[in-house]
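Residue numbers (the numbering used here): 24 to 435.
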Ligand SMILES: Cc1cc2nc3c(=O)[nH]c(=O)nc-3n(C[C@H](O)[C@H](O)[C@H](O)COP(=O)(O)OP(=O)(O)OC[C@H]3O[C@@H](n4cnc5c(N)ncnc54)[C@H](O)[C@@H]3O)c2cc1C
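Shown next, in the form of structure tokens:
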């Protein structure tokens with residue numbers, strides 16, 4: 024997927040980063056006839072440290088884009104979530120069809136497929152090309168890449184992840200910022216326990232506020248890991264020592280089965296979750312996805328938010344065109360505030376509530392206390408509807424609590 028910017032005219036939009044945020048922005052813009060140049064320092068397929076869990080929100084958005092699940096060999100729909108409380112009691116939560124409310128899909132495959140969709144839509148993709156520096160003038164953005172190219176565009180989208188080099192080069196990065204969460208992930212094979220099919224989350228008291236996950240993939244594999252909140256009782260440096268202890272825990276062995284094999288060493292990566300407290304734009308630059316710190320502070324899920332922010336930024340540029348950067352920024356900022364900020368505030372409150380052993384124990388008991396609460400808790404946890412839906416009546420729509428999941432017309 025190589026390309027050449029070619030010619031002296033600036034592109035309509037430069038996109039830095041080809042993860043879900045950058046690819047969805049590029050797809051949206053290119054389909055609307057805009058000239059898009061996307062650079063990524065990696066060559067695809069590339070690894071991304073992630074739990075690989077797609078929520079209902081992510082699945083609906085992929086469905087809307089015309090994404091083809093068959094392009095991802097590891098695509099694994101899940102119908103059940105099992106939560107283990109700090110005392111070891113388990114509750115099962117159904118994710119009922121129609122449509123898919125949770126899927127596990129390897130990020131190396133998912134991101135590659137999305138980037139291919141951007142190329143098919145007409146975006147020029149430069150893989151193995153890192154942003155080195157960017158500057159802005161009144162009417163354009165000029166980028167220098169690590170391989171000596173100069174690219175110009177009327178706008179630039181920072182979809183370059185947690186450490187956003189674009190944010191740094193434009194002088195809007197917070198010095199010393201290292202994310203709200205830190206998480207480990209490892210792929211394992213030969214999973215013979217219930218974790219081969221069910222999605223498990225364990226609130227182990229040693230890692231509160233945080234959790235262990237086991238997400239099933241195709242072929243008896245699973246994505247397992249744990250995430251902790253920065254500033255909690257577990258130091259980030261202690262995570263490495265804790266990992267073998269957690270893996271040896273009987274609750275984990277019961278989920279995965281006795282003969283699980285690690286596929287490769289674990290990897291660790293931070294998770295930024297502070298939307299509302301970072302700049303979303305500067306002049307002709309808009310930040311999307313992890314570069315805008317939009318992951319959910321309760322769970323660390325960020326793929327849906329990355330794709331949504333990519334789409335909102337693209338729509339703002341399509342609406343106002345090349346000469347109205349202030350209107351573009353305002354529309355984008357408004358979309359993020361209307362759709363994400365209230366959810367993030369509520370998620371922050373809830374994450375405080377489940378940060379203690381007592382809080383986690385009672386939250387899980389309460390959520391599992393009736394068939395109604397089990398069904399709705401699971402759907403709410405997997406972003407079937409916005410976190411703060413009950414306190415934001417402007418978002419109430421008919422059937423908001425009863426919408427089918429993604430790919431409802433092509434169930435698999
Ligand atoms: C361990 C872990 C588990 C997670 N589990 C889940 C989960 O199960 N479900 C979920 O929804 N979310 C999960 N998340 C969050 C999710 O991974 C992120 O929110 C999501 O990847 C954000 O997408 P993005 O497109 O913004 O950024 P990324 O996917 O990080 O993409 C950024 C891209 O920018 C490129 N880039 C970086 N620097 C440069 C440069 N200088 N020049 C050019 N390109 C550059 C990178 O190569 C990369 O391709 C998890 C995160 C972690 C760390």
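Each residue gets a CB set at the ideal place from its N, CA and C atoms; glycine is no exception.
Could you tell me the alpha carbon to alpha carbon distance between residue i and residue j, rounded to whole angstroms?
| i | j | result |
| --- | --- | --- |
| residue 248 | residue 427 | 29 Å |
| residue 27 | residue 275 | Interpretation of residue 27 is limited by its pLDDT of 45, a score under 50 that renders its predicted location unreliable; no figure is taken from the coordinates. |
| residue 394 | residue 33 | 57 Å |
| residue 41 | residue 63 | 6 Å |
| residue 425 | residue 163 | 45 Å |
| residue 116 | residue 329 | 26 Å |
| residue 250 | residue 233 | 5 Å |
| residue 297 | residue 143 | 33 Å |
| residue 363 | residue 321 | 13 Å |
| residue 213 | residue 54 | 42 Å |
| residue 331 | residue 84 | 8 Å |
| residue 75 | residue 96 | 13 Å |
| residue 194 | residue 91 | 39 Å |
| residue 119 | residue 171 | 52 Å |
| residue 198 | residue 73 | 25 Å |
| residue 217 | residue 230 | 23 Å |
| residue 67 | residue 82 | 22 Å |
| residue 294 | residue 301 | 14 Å |
| residue 270 | residue 244 | 15 Å |
| residue 126 | residue 391 | 22 Å |
| residue 238 | residue 318 | 19 Å |
| residue 241 | residue 49 | 29 Å |
| residue 121 | residue 196 | 43 Å |
By the DSSP assignment, the beta strand (DSSP E) with residue i in it spans what residues?
| i | result |
| --- | --- |
| residue 356 | No beta strand (DSSP E) contains residue 356, which is instead part of the alpha helix (DSSP H) from 348–359. |
| residue 247 | 245–252 |
| residue 237 | 233–239 |
| residue 205 | 204–212 |
| residue 76 | 76–78 |
| residue 117 | 113–117 |
| residue 279 | It is not in any beta strand (DSSP E) - residue 279 instead sits in the alpha helix (DSSP H) that spans 273–279. |
| residue 310 | 308–310 |
| residue 38 | 34–39 |
From which residue to which residue does the alpha helix (DSSP H) around residue i run?
| i | result |
| --- | --- |
| residue 45 | 43–54 |
| residue 269 | 262–270 |
| residue 176 | Premise fails: residue 176 lies in the beta strand (DSSP E), 173–181, not in any alpha helix (DSSP H). |
| residue 289 | Counting along the chain, residue 289 falls outside any alpha helix (DSSP H), and DSSP gives it neither H nor E. |
| residue 495 | This structure does not reach residue 495, given that the chain is present from 24 up to 435, and the question cannot be answered. |
| residue 90 | Careful: residue 90 lies outside any alpha helix (DSSP H) and carries neither H nor E. |
Counting only the same chain and skipping the five closest in sequence on each side, list residues whose C-beta sits under 7 Å from that of residue i.
| i | result |
| --- | --- |
| residue 345 | 35, 177 |
| residue 285 | 209, 211 |
| residue 145 | 53 |
| residue 133 | 95 |
| residue 303 | 309, 310, 315, 355, 356, 359 |
| residue 299 | 364, 367 |
Spatial neighbours of residue i within its chain, please: CB distance less than 8 Å, with the 5 preceding and 5 following residues excluded, ordered by chain position.
| i | result |
| --- | --- |
| residue 376 | 382, 386 |
| residue 389 | 396 |
| residue 262 | 205, 207, 249, 251, 291 |
| residue 348 | 178, 306, 307 |
| residue 70 | 130, 131, 290 |
| residue 282 | 213, 215 |
| residue 25 | Since pLDDT at residue 25 reaches only 43, below the 50 mark, its modelled position is unreliable, and the value read off the structure follows with that caveat. So the list reads 148, 149, 150, once near-sequence residues are dropped. |
Using C-beta distances below 6 Å, list every residue in its chain close to residue i, excluding the 5 sequence neighbours before and after it, in chain order.
| i | result |
| --- | --- |
| residue 183 | 39, 40, 189, 314 |
| residue 355 | 309, 335, 336, 339 |
| residue 153 | 64, 169 |
| residue 351 | 339, 340, 343 |
| residue 433 | none |
How many whole angstroms separate the CB atoms of residue i and residue j, which I take to be in contact at a CB cut-off of 8 Å?
| i | j | result |
| --- | --- | --- |
| residue 109 | residue 228 | 4 Å |
| residue 192 | residue 156 | 5 Å |
| residue 106 | residue 224 | 5 Å |
| residue 137 | residue 257 | Contact flag wrong, Cβ pair sits at about 33 Å. |
| residue 128 | residue 77 | 6 Å |
| residue 37 | residue 166 | 6 Å |
Provide the residue(s) that pair with residue i in DSSP beta bridges, ordered along the chain.
| i | result |
| --- | --- |
| residue 148 | 61 |
| residue 222 | 104 |
| residue 338 | Paired residues: none, contrary to the question. |
| residue 168 | 154 |
| residue 383 | Partner(s): none; residue 383 has no beta bridge. |
| residue 321 | Bridge partners of residue 321: none, in fact. |
| residue 159 | 164 |
| residue 296 | 317 |
| residue 125 | 78 |
| residue 284 | 212 |
| residue 431 | For residue 431, which the question treats as bridged, DSSP gives no partner whatsoever. |
| residue 305 | 308 |
| residue 135 | DSSP output for residue 135 lists no bridge partner at all. |
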